[in-house]
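Heads up, the sequence shown is in full-length UniProt numbering, so the first residue is 1 and it goes up one at a time. Working notes for the structure below.
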Amino acid sequence: MIEILTPSELDRARVTGRVVGDILRSLKARCRVGTNLLDIDQWAREMIDAAGAASCYVDYAPSFGRGPFGHYICTAVNDAVLHGMPHDYRLADGDLLTLDLAVKKDGVAADAAISFIVGETRNPEDVAMIDATERALAAGIAAATPGARLGDLSHAIEQVLSGAGYLINTEFGGHGIGSTMHQDPHVSNKGRPGRGYRLRPGLLLALEPWVMADTDRLITDPDDGWTLRSATGCRTAHTEHTIAITDHGAEILTLPQP
């Protein structure tokens, strides 16, 4: 199902998006060496509740997970890139952490992810990988104009990621979003321009470029049945925003309030 939001629904989506952006900004500021992933999950729960929102993850049980997920945020560390299940782990200096958050408020969902390095140690390869996903996201957003095709967005993302030397996995990518977290259409991080669904004002998309340093192959963590890791154990990065297609172009909904 592809939803096209009404103006009033889009106003509600803006509110939900700001909740997601604000929580991610707050969590990033609180993450430091020694922070436990379970504490991050608890902080996310408290902030979601305080905002009058609901987590999209707690009861999430798709076919590919050993669900339900049972947590309020995805916390992916180092070789983990998607669906990182919070567990009893304390962050170390130089860890590459991805926080992925989706919430629903007043009937509309929003979804975003950020990757960043914890502590003082900065591996240049990690910095470059995070930067590549951020630039790819910006390119995809710039291509998201009314009348554009999904393939235009996918191609724009691909050009940045491939140009930076990364292989691209096409099993997981961006998606439509609205009254539920995951909807059609699927937005691959690789594609051909001029192909696919034509964008219309009122469409919400979650664009999420993600890469692994030296592979495009994923494995599922055998212990939790959820966390997706790089097959080689290499580092990973993931950046995501929810955008709305408007008459004038793409509006980013999941930026924090100034």
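Each residue gets a CB set at the ideal place from its N, CA and C atoms; glycine is no exception.
_Nearest residue (CA-CA) to V108, options R18, R217, W210, C234_ = To locate residue 108, count along the sequence shown from 1; it is residue 108. Per the Cα distances, R18.
*Thinking C-alpha only, which one of I2, P68, D39, M85 is nearest T227?*
Residue numbering aside, residue 227 sits at position 227 when the sequence shown is read from its first letter. Considering only alpha carbons, the answer is M85.
*asked:* Suppose you measure from the CA of D223 to the CA of G70; what does that come to, to the nearest Å?
replied: Looking up residue 223 in the sequence shown gives position 223. Looking up residue 70 in the sequence shown gives position 70. Their backbone Cα atoms lie some 15 Å apart in a straight line.
_Within a Cβ cutoff of 6 Å, which residues of the same chain sit near R12, ignoring the five residues on either side of it in sequence?_
For the purposes of this step, residue 12 is taken as the residue at position 12 of the sequence shown. Here the set comprises D106, V108.
*Taking 8 Å as the CB-CB limit, is G174 close to chain C?*
In summary, chain C is missing from the structure at hand, where a single protein chain is found.
*Would you call the CB atoms of Y89 and N36 closer than 8 Å?*
Within the sequence shown, residue 89 is the residue found at index 89, counting from 1. Within the sequence shown, residue 36 is the residue found at index 36, counting from 1. Going by C-beta atoms, Y89 is nearer than 8 Å to N36.
*Per DSSP, E240 is paired with what?*
Counting from 1 along the sequence shown, the entry for residue 240 is found at position 240. DSSP output for E240 lists A113 as bridge partner(s).
*Quick one, are the C-beta atoms of L204 and L27 less than 8 Å apart?*
Along the sequence shown, one-based indexing puts residue 204 at 204. Along the sequence shown, one-based indexing puts residue 27 at 27. No; because the gap between Cβ atoms is not below 8 Å, this pair is not in contact.
*Since L96 contacts A148 with CB under 8 Å, what's their CB separation in whole angstroms?*
By 1-based counting over the sequence shown, the position of residue 96 is 96. By 1-based counting over the sequence shown, the position of residue 148 is 148. Not a contact, Cβ separation roughly 32 Å.
*By DSSP, does Q257 sit in helix, in strand, or in coil?*
On the sequence shown, residue 257 is found 257 positions in, with the first residue counted as 1. Residue state for Q257 is assigned as coil, using DSSP reduced to three classes.
*Please report the residue range of the beta strand (DSSP E) in which W210 lies.*
Working through the sequence shown from its first residue, we reach residue 210 at position 210. 210-212 is the span of the beta strand (DSSP E), which, as asked, contains W210.
_Limits of the unbroken beta strand (DSSP E) element including A76_ = Start at 1 with the first residue of the sequence shown, and residue 76 comes out as number 76. Counting along the chain, the beta strand (DSSP E) containing A76 begins and ends at 74-77.
*On the premise that C31 lies in contact with Y57, defined as a C-beta separation below 8 Å, what is that separation, rounded to the nearest angstrom?*
Position 57 of the sequence shown, counted from the first residue, corresponds to residue 57. Position 31 of the sequence shown, counted from the first residue, corresponds to residue 31. Between C31 and Y57 the Cβ distance is about 18 Å, and since that is not below 8 Å, they are no contact.
_In this structure, how does DSSP classify V33 when only helix, strand and coil are distinguished?_
Within the sequence shown, residue 33 is the residue found at index 33, counting from 1. It is coil, neither helix nor strand.
_Quick check on this structure: which residue in A112, D49, I168, I130 has the alpha carbon closest to the alpha carbon of I252?_
Position 252 of the sequence shown, counting from 1, holds the residue named residue 252. Minimum Cα distance to I252 is reached at A112.
*To the nearest angstrom, report how far apart G225 and R66 are at their CA atoms.*
Working through the sequence shown from its first residue, we reach residue 225 at position 225. Working through the sequence shown from its first residue, we reach residue 66 at position 66. For the pair G225 and R66, the Cα-to-Cα distance works out to about 5 Å.
*Alpha carbon to alpha carbon, what distance is there between W210 and H238?*
Position 238 of the sequence shown, counted from the first residue, corresponds to residue 238. Position 210 of the sequence shown, counted from the first residue, corresponds to residue 210. Approximately 4 Å between the Cα atoms of the pair.
*T16 classed as buried or exposed, judged by whether at least 16 other C-beta atoms fall within 10 angstroms*: The count along the sequence shown starts at 1 and reaches residue 16 at position 16. T16 should be labelled buried.
*How big is the Cα-Cα spacing for I130 and P256?*
Within the sequence shown, the letter at position 130 stands for residue 130. Within the sequence shown, the letter at position 256 stands for residue 256. When rounded, the separation of the alpha-carbon atoms in I130 and P256 is 19 Å.
*Can you give me the Cβ contacts of M47 inside the same chain, cut-off strictly under 6 Å, excluding the 5 residues immediately before and after it?*
Within the sequence shown, residue 47 is the residue found at index 47, counting from 1. So the list reads I23, once near-sequence residues are dropped.
*Bridge-paired residues (DSSP) for E251*: In the sequence shown, the residue the question calls residue 251 occupies position 251. Paired residues: A244.
*Please determine, among P193, R195, P258, H175, the residue with the shortest C-alpha to C-alpha distance to A110.*
As a working mapping, residue 110 is identified with position 110 in the sequence shown. Of the candidates P193, R195, P258, H175, H175 places its Cα closest to the Cα of A110.
*How close, in whole Å, do the beta carbons of S230 and D79 come, if the pair is a contact with beta carbons under 8 Å?*
As a working mapping, residue 230 is identified with position 230 in the sequence shown. As a working mapping, residue 79 is identified with position 79 in the sequence shown. That belief holds up - the Cβ atoms of S230 and D79 are roughly 5 Å apart, short of 8 Å.
_Whether D216 touches I2 by CB criterion (8 Å)_ = The count along the sequence shown starts at 1 and reaches residue 216 at position 216. The count along the sequence shown starts at 1 and reaches residue 2 at position 2. No, Cβ-Cβ distance for D216 and I2 is not below 8 Å.
*Are there 16 or more other CB atoms within 10 angstroms of the CB of R235, so buried, or fewer, so exposed?*
To locate residue 235, count along the sequence shown from 1; it is residue 235. Buried.
*DSSP state of T145, grouped into three classes?*
Here the question's residue 145 lines up with position 145 in the sequence shown. Look at T145 here: in three-state DSSP terms it is coil, with no helix or strand label.
*For the putative contact between A206 and T246, defined by C-beta atoms under 8 Å, what is the C-beta separation to the nearest angstrom?*
As a working mapping, residue 206 is identified with position 206 in the sequence shown. As a working mapping, residue 246 is identified with position 246 in the sequence shown. For A206 against T246, the beta-carbon gap comes to about 16 Å, at or over 8 Å, which does not count as contact.
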